[in-house]
Amino acid sequence: MKTRNISYLRKHLLKFYKKHQRDLPWRRVSDPYAIWVSEIMLQQTQVDTVIPRYQKFMQEFPDIAHLAAAGVHRVCEAWAGLGYYRRARLLHAGAEYVLQEHGGVLPRDLKKLERIPGIGRYTSGAIASIAFGMQTPLVDGNVERVLGRFFALKHEVKSKAGQEALWTWAEELVQGPEPGDMNQALMEFGALLCRPRAPLCAECPLAKKCAAWAVGDVDAYPKLKARVERKTLKLALALVRDTHGAFLLEQRPLDGLWAGLWEPPAALGAKAKKDIEERLGIALGRVKYRFKHILTHREVIVSVYIPPQTRGAKTTQVLKMTEDPLKEPLSGPARKALERFLA
DNA sequence: TACCCGTGGCT
DNA sequence: TAGCCAAGGGT
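For the first sequence, the numbering used here gives the first residue as 28, with consecutive numbering after it.
Printed below as a string of structure tokens:
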């Protein structure tokens, strides 16, 4: 019965894909490196956000050798707008690794792919199937949703039992012709039709055998765990410009929150004012609070504006200064504050 | 294992 | 509009 459903799924998903697949830049090429770059960018990031950055990135770093030779800071700059900058650093490290260990050629081997920095179980399966035509499964958020609904997965989707079931189904599905298209069909179907909210069940070619549809509660699948509550964080940013209009920026530590990103001198909590005073040598009694806003993770940001008469003071403490701070990979609050300030 | 990372889009 | 979600990996 399950085998029947697997071949039913494979047939209809491939048919859907051939008819409805989007024309995406990384689908026009067969270069494994290009597939690799696209897969890293697409991790937890929507297609429309990736497309323009992918095209610029491939122009600047057309192959593994160029990427490995580039400075990691430059790679992070090219990553601006994508978030999760660790992906950029790992991709760069991955290029160096492939150059050293594999002569600059991506290996056609699942285990060897997974040893490359930034490549895990999903990405190795994606590269192997899409770039090399291997019958390697993959499970991403789309696959979890499509298969979780179709089979009415009884376990919580992220649980060990749930993941085992999903990877087993994905493994069975990919044992057929066109494994790369099969995997992409699963994901494309999840993105376009079997969407997280308001799935298009009325026009779904799988509805006849969809277990969640049969139960009449598609929204109940896949079963999710309650999200952890986010903590509120207060911080202050001091915007300082010198007489040439350059901004005072510094780089955060390479681990922890906003790792490696640039931002105006900042400090957390009650020590913020004193800390900024010490670092800038400016009496904050003269500072005016110009704006504040709420961010997605419930951090409350209070940005501090330094009045003109103090600009340019103590520039000897400048760690990094740039004429165009928005070109730097800035931390989220710093970007929003600066965009607002410059508007 | 649970939790962390960031930005943009959507409702 | 504030929360949810997105082609995950690392620790």
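We put the beta carbon where it would ideally sit given N, CA and C, even for glycine.
Keep in mind that this is a model prediction, so the values were computed, not measured.
>> So for Q48, helix, strand or coil by DSSP?
In response: In the three-state reduction of the DSSP assignment, Q48 falls in the coil class.
> Mapping DSSP to helix, strand and coil, what is Q86?
Replying inline: Correct three-state label for Q86: helix.
> Mapping DSSP to helix, strand and coil, what is L165?
Replying inline: Reduced to three states, the DSSP call for L165 is coil.
> When burial is assigned at 16 or more other CB atoms within 10 Å of the CB, is S65 buried or exposed?
Replying inline: Buried.
>> Tell me which residue opens and which closes the alpha helix (DSSP H) that H119 is part of.
In response: Segment 113-129, the alpha helix (DSSP H) holding H119.
>> So, for P161: in the same chain, excluding its five sequence neighbours on each side, which residues have a beta-carbon less than 6 Å away from its beta-carbon?
In response: The displayed chain sequence assigns Met, not Pro, to residue 161. For M161, where only same-chain residues beyond five positions count, the Cβ hits under 6 Å are A155.
>> Between the alpha carbons of S57 and F178, how many angstroms are there, rounded?
In response: Using only the alpha carbons, I get a separation of about 33 Å.
> So what does DSSP say about E290, is it helix, strand or coil?
Replying inline: DSSP places E290 in strand when its eight states are reduced to three.
>> Once the 5 residues before and after Y149 are set aside, which same chain residues still bring their CB inside 6 Å of it?
In response: L165, D167.
> What does a CB cutoff of less than 7 Å around W63 pick up in its chain, not counting 5 residues either side in sequence?
Replying inline: Hits under 7 Å: L133, I154.
> Skipping 5 residues on each side, what residues in its chain have a beta carbon closer than 8 Å to that of I78?
Replying inline: Contacts found: L51, P52.
> Starting from V242 and walking both ways along the alpha helix (DSSP H), at which residues does that stretch end?
Replying inline: V242 -> alpha helix (DSSP H) spans 238-242.
> Helix, strand or coil for Q190 per DSSP?
Replying inline: In this structure, DSSP gives Q190 a helical state, which the three-state scheme calls helix.
> Which one or two residues does DSSP pair with Q278 in a beta bridge?
Replying inline: Note: Q278 sits in a beta bridge opposite W289.
> Roughly how many whole angstroms lie between the Cα atoms of R101 and W289?
Replying inline: Rounded to whole angstroms, the gap between the alpha carbons of R101 and W289 is 13 Å.
> Is DSSP giving L180 helix, strand or coil here?
Replying inline: Reduced to three states, the DSSP call for L180 is coil.
> Residues in its own chain within less than 7 Å of K35 by CB, not counting five upstream and five downstream?
Replying inline: It should be noted that the sequence gives Tyr, not Lys, for residue 35. Excluding sequence neighbours, Y35 sits near K236.
> Per DSSP, L357 forms a beta bridge with which residues?
Replying inline: Partner(s): W289.
>> If I measure Cβ to Cβ from Y60 and keep anything under 7 Å in the same chain, skipping five residues before and after, which residues do I get?
In response: Non-local C-beta neighbours of Y60 in its own chain, meaning closer than 7 Å and more than five positions away in sequence, comprise D90, I91, L133, ordered along the chain.
>> Taking only three categories from DSSP, how would you classify D136?
In response: In the structure shown, D136 sits in coil (DSSP, three-state: anything other than H, G, I, E or B).
> If we ignore side chains and look at the alpha-carbon of each, how far apart do E128 and A95 end up?
Replying inline: Answer to the nearest angstrom: the Cα atoms are 13 Å apart.
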